[in-house]
Amino acid sequence: MARSIRLGTISVVALTLAACGGGGSDSAGPANGGSSSVSSSTIIKNAKDYDVSRLNTAAKTIANAQYKGKTTDAQVDLTLAQQAFNLLFNDSVMTLPELAEQDFTDDVINGAIKKTYTCDQGGSVAYDGKVSDSSTGIIAMNYQNCWLYSNGAAISGSTAIAIESVSENAVKYSLFIDKLTWTYEGTPYTLSGVVSVDEGFNQTNGSYEADTSQHVALTIGSEQYKLEGNFNISEYSYDSVNHAEVDFYVGSKGKLVIEADSPEYFSPYMYRGEVIIAGNKTSSFLFEDGFIRYLEDSDNDGNYDIGTFLVDADDLISGNLAGRNLVAIADMSAPPIVNAPGFYPDEIVNTTTPITVSGGYYYDSDTEDEDLSVSYRWYLNGNLVEDVVGDTFPAYRAVFNDVLEVSMVISDSANTVESDRTSIVLSDAPAEVVLENLPEAVSPGEYVEFKASVSDPDLGDNQGAPTLVSAPSGATINDEGVINWQVPTSQLFKTQLYAFGFSTGLDGAEVVKTHVSVTNHDVQELARSGVEVPKLNNSMVVGDFDHDGDNEVLSTDSANRVFLLSYQNGIYNQTWMYPYLLEQGGTIKQVLSTDFDNDDYPDIIVISENSVSVITDIDVPATTLFTTDNYIHSAVLGDIDNDGDDELAYLYSSYAYGETNQIAVVDLSSPESPLFTFTAEETDEIALGNVDNDTHLELVTNSGLVYDLETGENQWFLGAGFSSSHIAVADINGDGIDEIVGADSWSYIYVYSAQNKSQITSIENFNTCDISAGRLTVDSNPVLLVGDCQWGNIHAMKLSNNSLTSVFSIDMVDHGSASLTLGDADNDGLNELLWGTGTTHSGEDLLVTADVTATSATIKTAATTHQLDSFNAAGWADLYPGDERAVFFVPSTGSGYDGSKVLLMEKTGNYITSEEVSSNWDNSGIAVTTDYNNDGAGDLFLPTAQTYDGAFAAMRLNDFSIQYEITGSYSNDVSVIKAFDFNNDGFDDAVYVDGRTLKAVDVKNQVMLATYTMPQYFRDFDIVAMNGSVYVALSLGDEITELLTPTTSGFSILASTDTSCTRLTFINADSDAATELACYNDQNQSLVLFDVTDTSLTKTSDVRINTTIIDMVANPMTSANQTLIVTSANDDDYLEYYGVSELSEMTAEGISIWKSPSLIGSARKYSLHTRKSSEGNLEVLMATTRAMYWLGRAE
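Number 551 in our numbering belongs to position 515 of the sequence shown; there are no gaps in the numbering.
Quick look at the structure:
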């Protein structure tokens, strides 16, 4: 229907009549008034022949005849009052058709209209009437299944309209109806009667109003209604009723006398007003400042004595009021106001997920919150789930395609109010694979047998034996779902994840993927990152972690790297780095050390934001000791119970940043049950030590708390705190009992005695970044070590005669200090003092070492480290015949302040770097190894930009000397570089991209071979020799990939396709000798394969993959049916600093074969190199922003 009209405001504004004009008789009726023997229906059909009086009588007669219901007084109750209110005053209860829709202006001839109009969607309406020059007149309208766009149903029946007067601001007319019928949403309607309207502008109140007199009967389905009475209606804002006095008959109930007074706002949203409904007794809906009261005069004494509050207008209109209790007026209580529960639409839930909603707002004007009862109602497919009344809906109760709704229910002593419902959409739960009888540990070369089954949580039952869609080579499945697999004998990682894909075998069934982990501790991944320093304190330890008899420095970058540094030939080299991202842990906060496995060697404890892990052997993956949803801020180790094993105390909070307020002490062998927990508000650091004369350690916080770790009792609380920031515990006066030392970030260092519960002394220190304590020499007493902030010093102090005195002070070297550490780092039998600096400004981070004696310190200047920022793998090269190195290009150093370097790595992991190659301000990052002159000494094609002037060079690697260079200007920008025998003379040439120009240069002969200027921006290229010719695949712009071949001095385009390729690589993906082209389309995240000929690129497959490919190369292990070796980004954490990468193998159709654990840093483009090793296995050289990897290297 075009609009919703409530029964009490039936109205038709005959605008077309008012505008048409005429020219015929001014008479509105016949000369004789018509014959009395004519039926009422005939009078309506021939309305132009009768006056308004006869039409009025006829319409009322028809209405009275149509209504055959009860006429006695109805039994009044709340539900009948609600029904009557909605029928008379609610816009949305029923929908009546619009009439007189046709514009017949042009069809009036000599004051008469007689024409049949075809309705928009079928049927017709016949107009027959007279219209005067003053726009008055009478027209009969006979509808025959007339279906107009403005109405939602076909209408039939006779109607007539009489316009009695028309002026600029007023109109008076009557509408006469004889059994007008229609069906809407399956319900039949019949309407008869008369509506008389006198509407116009009210000069008194300045509004447009209509007075209506109605005498109509309406049958809706099997129920009959009749209305007799008058309405005053405001045409301003949706036909609101100002006042009404009517007799309203409900066929099954009887007669109601209704009076409505709504002086403000609009029914049914009246802010003030009253609707009185009288039958066998009188009731009233009273609207008072937003509240609605229903009142009844149950004993007809003229006074209301019982009633109830309604929640709001929605409760009045659509609430189920049948069970609403009526109470004495004095006992009535205003109902609570309650909003629907909250549920974030972005939250993805499915049948496996318990679904929790947040409470909606609620308020009760006359009841305190604590006296209200709060519950929830859950509806599943419209049915109330009676056993769930809390805010969480259990898992596996609702499934995909179910309709799940929840409301909030608030009850006071008298009312129970239910909110609107919140709808929750369940996603399709992914099918699950269950592997049975799979060994706990699978080793390379092993034969394994296990069973797989696939189930869909939404179906709630096992789906039986699956189909094996994809699997590693050598895996088969039988009809019972039993898989037999000969595990490959070699792999690149200690832990390698092999992919299996299953399906139920049904058409369109989901492919479910899982991985089987294969472990080989003999695999030695080589990972390096250069020397980094911790940004946080207590994050370096000196000890023999690789069991070689010499000490190393255990350290971290306070992000995602854990490594060992060894002092070799007067400098520190990184001799081990943990190759994987520590799973589930978040950012690394600290590295600590204890003999966790009791093998008399120190083990590595890694404290991450959300976990604690242990590495007991550098050749074995880390073991997670525990995880937490809270955020760990710092930790310390100590043997609190004198059992020979250290316990861990850690400081944590529920937030990643800001103040911490909780401390836990755990046994590392059973950390799930803390030994102690303490609340320590506004605490920054904690320490362990024996600050009294008992045998057990105490826990000390910088905020002024001392706890005994035998009993957990508080021994001292200094309300002012020991310091604003730092805390240390040590016997710095040699009396056998540890002192407490606190340091503010700004201002003072304090020394306290826990025994006396007093401050011993203090000393001013401008700005402190770290404090610790230890013995400078074996036979000296512990000293206090203080690291300044900004451009300060490192101090050693002792407590003598209750005063802090200086032992020595040395320059800090750079900005700030972190992790002051004592130990024999250079294995000379004497301690060194180490610290990180440069971490509090944007410049280079440095590791500084000082030789110390009992009274002095001397910085080992040559041992101060330098920072490598990020890495690109360039390939392998011989420095001299048989003397091979892995080669990496370092685009920037010194935290971005210094230029590029070249790094040469041995198989042992030892490496050297060149001096700065160029300033490289344009951050060119791609280089490639070659032996362009075939002299047996490896070379490197690399960018050599000075400031922003792009340039290309060839470097001899054994002495880092530039052999050839093409300088450039600001407009030059060297990006991708490849080495390829472009002119087939037996020597590698350089093929590289400079801005939008592809260039091929014969470096040996210093000749430009070819150039090609791209019409759009460059994306990627690859080059191949095929059938004796050279071909270049080039992707540019958003949708162009071209196949080029060289000409005399340029390139010609052989073929083009409208596919965007972020990465391109030639591959032989099938069993024939022809070459294919693999393309990664990042716009669709798909892998595309093309057949390649000398004249065409023909797409053979285009498969969406769930992988963001960064780099890909053909697997060199075979020359046919090749797969792809791929580096990819973790989409959840693809950030330069904390990035995560994976290395994997997949088919050219995108089917995964295996993948690595999560690797450290974001994979770099054009930084993946593969070859078949001398042992016949896959060997990979790759780099990320944070690490260099040499995998599968022959020992």
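Note that CB positions come from ideal geometry on N, CA and C, so glycine has one too.
How is the alpha helix (DSSP H) around L123 delimited, first residue to last? Where L123 is concerned, the enclosing alpha helix (DSSP H) stretches over 114–125.
N-terminal and C-terminal residue of the alpha helix (DSSP H) that V88 is part of: V88 -> alpha helix (DSSP H) spans 88–102.
DSSP three-state assignment for D405, whether helix, strand or coil: Per DSSP, reduced to three states, the secondary structure at D405 is helical.
In chain order, what residues of the same chain lie with their CB nearer than 7 Å to the CB of T154, ignoring the 5 residues before and after it? Cβ within range, chain order: S160.
Can you say whether I807 is buried or exposed, counting buried as having 16 or more other CB atoms within 10 angstroms of its CB? By the beta-carbon neighbour count (other beta carbons within 10 angstroms, threshold 16), I807 is buried.
Three-way DSSP call (helix, strand, coil) for T219 in this model: Of the three classes helix, strand and coil, the one that applies to T219 here is strand, per DSSP.
Pair within 8 Å by beta-carbon distance, L856 and L869: L856 places its beta carbon less than 8 Å from that of L869.
Tell me the DSSP secondary structure of A716 in three-state form. Residue state for A716 is assigned as strand, using DSSP reduced to three classes.
Starting from the C-beta of L733, find all residues in its chain whose C-beta is less than 8 Å away, skip the five residues before and the five after it, and write them out in chain order. Here the set comprises G674, D675, I676, L724, G725, N726, L745.
Can you name the residues that DSSP bridges to V1232? The requested residue 1232 is not part of the displayed model; the chain covers only 37 to 1231.
Where Q1052 falls, given that 16 or more other Cβ within 10 Å makes a residue buried: Per the 10 Å Cβ criterion, exposed.
Looking at the strands, I want to know which residues DSSP matches up with N82. The partner list for N82 (beta bridge, DSSP) is empty, contrary to what the question assumes.
Touch test, the region 572–588 against the region 904–918, Cβ-Cβ under 8 Å, three pairs minimum: Taking 8 Å as the limit for Cβ pairs, the verdict is that the region 904–918 does not touch the region 572–588.
Would you tell me roughly how many angstroms separate the C-alpha atoms of F802 and L821, rounded to the nearest one? Looking at the two C-alpha atoms, the distance is approximately 15 Å.
Around the C-beta of P615, are 16 or more other C-beta atoms found within 10 angstroms, so that it is buried, or is it exposed? By the beta-carbon neighbour count (other beta carbons within 10 angstroms, threshold 16), P615 is buried.
Can you look up L528 in the DSSP assignment and give me helix, strand or coil? Looking at L528 - three-state DSSP - the assignment turns out to be coil, as it is neither helix nor strand.
Around the Cβ of M1044, are there at least 16 other Cβ atoms within 10 angstroms (buried) or fewer (exposed)? M1044 sits exposed, since fewer than 16 C-beta atoms from the chains shown fall within 10 Å of its C-beta.
N738 burial status per 10 Å Cβ neighbour count (16 or more: buried): By the C-beta density criterion, N738 is buried, having at least 16 other C-beta atoms within 10 angstroms.
Anticipated Cβ contact below 8 Å, D975 with R992, distance rounded: Contact holds; Cβ gap of about 6 Å.
Based on the DSSP secondary-structure assignment, which residues constitute the bridge partners of N419? BP columns for N419 point to L416.
Quick one: give me the first and last residue of the beta strand (DSSP E) that I643 is part of. For I643, the enclosing beta strand (DSSP E) has its first and last residue at 639–644.
Count the other CB atoms within 10 Å of the CB of L420; is the residue buried (16 or more) or exposed (fewer)? That one is exposed.
For V1037, the nearest candidate out of T1049, F1054, N1019 (CA to CA): For the residues T1049, F1054, N1019, the minimum Cα distance to V1037 belongs to N1019.
Give me the Cα-Cα distance between I830 and S853, rounded to the nearest whole angstrom. The alpha-carbon separation between I830 and S853 amounts to approximately 8 Å.
Could you give the residue range of the alpha helix (DSSP H) that holds L352? Where L352 is concerned, the enclosing alpha helix (DSSP H) stretches over 349–354.
Going by the beta-carbon positions, is the gap between F925 and L978 smaller than 8 Å? In contact: F925 and L978 (Cβ atoms closer than 8 Å).
So, for Y1006: in the same chain, excluding its five sequence neighbours on each side, which residues have a beta-carbon less than 7 Å away from its beta-carbon? Same-chain partners within the cutoff: Y984, D985.
DSSP on S955, reduced to helix/strand/coil? Of the three classes helix, strand and coil, the one that applies to S955 here is coil, per DSSP.
Can you tell me whether K289 is buried or exposed, with buried defined as 16 or more other CB within 10 angstroms of its CB? Counting the other Cβ atoms within 10 Å of the Cβ of K289 gives 16 or more, which makes it buried.
Below 8 Å on the Cβ atoms is my contact criterion, and I expect I373 with Y398 to pass it. Report the Cβ-Cβ distance as a whole number of Å. Yes, they are in contact, since the Cβ atoms of I373 and Y398 sit about 6 Å apart, within 8 Å.
Simplified DSSP assignment, three categories, for D1021: In this structure, D1021 counts as coil in the three-state DSSP scheme.
So is L495 buried or exposed if we call it buried at 16+ other beta carbons inside 10 Å? By the neighbour-count rule (16 or more Cβ atoms within 10 Å), L495 is not buried but exposed.
Quick one: what does DSSP say I143 is sitting in, helix, strand or coil? Position check: residue 143 holds Asp in this sequence, whereas Ile was assumed. Shown here, D143 sits in a helix according to DSSP, grouped into three states.
Bounding residues of the beta strand (DSSP E) (the contiguous stretch that carries A370): Element bounds for A370: n/a, residue is neither H nor E.
Quick one: what does DSSP say T1003 is sitting in, helix, strand or coil? Here T1003 sits in coil by DSSP.
Which of helix, strand or coil DSSP assigns to A910: In this structure, A910 counts as strand in the three-state DSSP scheme.
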